[in-house]
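Counting from 14, one number per residue, gives the positions in the sequence shown under the working numbering. Just below is one structure, and these are the notes that go with it.
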Amino acid sequence: MKKIYKIVTVLFLSLTLTSCLNEWLTVNPKTDMTRDILFSTESGFKDALTGVYIQLKNSAGYGENLTMTTLEYLVSSWDVTTNTTQQRLTQFLYTDAGVEGVMSSIFSQHYSVIASINAILDQIDGKKDLFTTDKMYELVKGEALALRALCHLDVLRLFGPVPSVTNDDNILPYVKTLSREAVPHINYNAFKAELFKDLNDAEQLLKVADPVQSYSMFDLRRPGPTYTFNPVDTYFGFRHIRMNYYAVKALKARAYLWFGDNENAFANAKEVIDAKNPDGSTKFTLGTSADMTAGNLNLPSEQIFGIYEFSLLNKYNNMYANGTLKKGSAETTIKSQLYGNTGTDIRETYLWELITQANQAKTYIIKKYKVVDAPSNMTVDYRQIPLLRIAEMYLIAVEAAPSLGESQAYWSTFRTARNISVSTLPTDPAMLKDEVMKEYRKEFYAEGQAFYNYKRLNLPKNKILYASTSSSVVLNYVVPLPKTELINTNK
């Protein structure tokens, strides 16, 4: 990492409580503020953290490549044109110049976000006295640490080894400081230790600071003096688009599963599933047909943490509604092959649409990101790209539960919510994982999670739905590091 040192450019995310709810997240650039000035006030630290959240939605990151496009091409989720970068992604041709460029941009974007996070963490402890709002220091530092872990985990999941095929070789840098010098790469176990240190530290800080434990997600969407949640600073609100306490627990569940620690994966997933509101109701609920019929296609009740995208409908129109991201021209491609033609699965029934393109060709598109462009108020503003959902916690619990009976209970709850018959899980662990993986494929279409889970399980090509059947296509889960980064591997 040769340019890990940087002067942070801050972008404000201004949270307002006015009636103009379509503008409740507005972006105002501050391009000439030095770090010394920025980190001279509590407000400056808040602004810097807000800038990080804005960076996360860059198209090279979670705005597109890590959710809707590149990672989905790797598992052939979308139709491709011959001799394009997209086709070469489906063929795992990582030496292709176009593919190299896309992967390099993902790598650079992630470490750019990490650099911005480290700029905050580099200053925050020495300037703790600047924080005059109770629990604000813990909130800002906790979120920053958790976001650093989020970015590093996804760098590992994409560019690191298959978790069942590791050795003592240095693989990636876990960057925790600001420096002009190259950051040495460390081995898999050292990377894992750094990751869980960040997650554990974040959990402890947010456990004492995050109001998500004491208020419902609905109440946290509308902070103010006339509502149930009336914080001293609205920065404590809107926890669905912030790396909140339960998002840390969910991320720990995902990470532990990646590293093969089923006991801790289950414990963390279960805590999120069991989380309750003050009135005893469940904090995060699985979406049902009622959500779909109401038009809430991205299932907001499930979202533990996601990236707010003010222009999400424009993104949908420009990428999906016009047929740019499409799959197949016949019902069998999606309804039969993906869902088994159940006729009842809410994803099969509501999420896909057959459209006619400008050239009169018919194709299927997913409507997951078709949202209301100008919601009437913040409580129904669902312009969010999901990064952590309760559905994943149920699938982790199914796979990692200590007994088959517990796995079956979570499986039954999940499938009932999706309005499909409750099958009996196989007793063979490998076959059970195959059943769970089928649901990952259905559930996280256009969210980028399928590739990671195919890789985690090191599944062969014939287990990847829609994968090329050509013998010339060689499955390769390990994306090479950018050429400029390879020189640091053994330092």
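The C-beta atom is built at its ideal place from N, Cα and C for all residues, glycine as well. Because the structure is a prediction, the values reported are computed rather than measured.
- Residue state for Y490 is assigned as coil, using DSSP reduced to three classes.
- In the DSSP assignment, Q316 is bridged to R402.
- Q104 sits in coil when the DSSP states are folded into three classes, being neither helix nor strand.
- One thing to note: L84 has its Cβ within 8 Å of the Cβ of F464.
- Under the DSSP assignment, W424 falls outside any beta strand (DSSP E), being part of the alpha helix (DSSP H) whose first and last residues are L417 to A430.
- Here D49 is exposed. Its C-beta has fewer than 16 other C-beta atoms within 10 Å.
- Contact annotation: the segment 321–336 touches the segment 384–400, with at least three C-beta pairs closer than 8 Å.
- Considered as a whole, the segment 135–204 harbours 183–185 as its complete beta strand (DSSP E) runs of no fewer than 3 residues, in chain order.
- Distance from the Cα of Y352 is smallest, within the candidate group M391, K455 and P291, for K455.
- Put simply, the backbone Cα of V435 is about 21 Å away from that of F279.
- When DSSP reads this structure, W365 sits in a beta bridge with I379.
- DSSP places V225 outside any alpha helix (DSSP H), giving it a letter other than H or E.
- Cβ atoms of I254 and I320 come within 8 Å of each other, at about 7 Å.
- Burial of T63 is indicated by the presence of at least 16 other C-beta atoms within 10 angstroms of its C-beta.
- DSSP places Y240 outside both helix and strand once states are collapsed to three, so it counts as coil.
- Y321 is bridged by DSSP to Q397.
- Fewer than three beta-carbon pairs drawn from the segment 143–160 and the segment 191–203 are found closer than 8 Å, and the two stretches are therefore not classed as touching.
- For M450, the enclosing alpha helix (DSSP H) begins and ends at P442 to E456.
- Ranked by how close their Cα comes to the Cα of M81, the residues E452, A410 and K380 have K380 in first place.
- Between Y453 and K468, the gap from beta carbon to beta carbon reaches 8 Å or more.
- In the DSSP annotation of this structure, G353 is not part of any alpha helix (DSSP H), being labelled neither H nor E.
- Annotation: the continuous alpha helix (DSSP H) that includes K468 extends over Q462 to L470.
- Judged by their CB atoms, L69 and V126 are nearer to each other than the 8 Å cut-off.
- Pairing F172 with V65, the inter-Cα distance amounts to about 22 Å.
- The segment 238–255 makes no contact with the segment 176–193, as fewer than three CB pairs between them are under 8 Å.
- One thing to note: F427 has its Cβ within 8 Å of the Cβ of L408.
- Sequence-distant partners of F58 (beyond 5 residues in either direction) whose C-beta falls short of 7 Å from its own C-beta, in its chain, are F52, I133, I137 and V153.
- Going by DSSP, E85 is part of the alpha helix (DSSP H) stretching over T83 to Y86.
- Around the beta carbon of V175, fewer than 16 other beta carbons sit within 10 angstroms, so the residue counts as exposed.
- If you check the CB distance, I368 and L338 do not come in under 8 Å.
- DSSP lists K289 as the bridge partner or partners of T295.
- Under a 10 Å Cβ-count criterion, P313 is classified as buried, with 16 or more other Cβ atoms of the shown protein chains found around its own Cβ.
- A distance below 8 Å separates the beta carbons of L219 and N257.
- The shortest CA-to-CA distance from T301 to any of D358, K189, S294 and Y248 is the one to D358.
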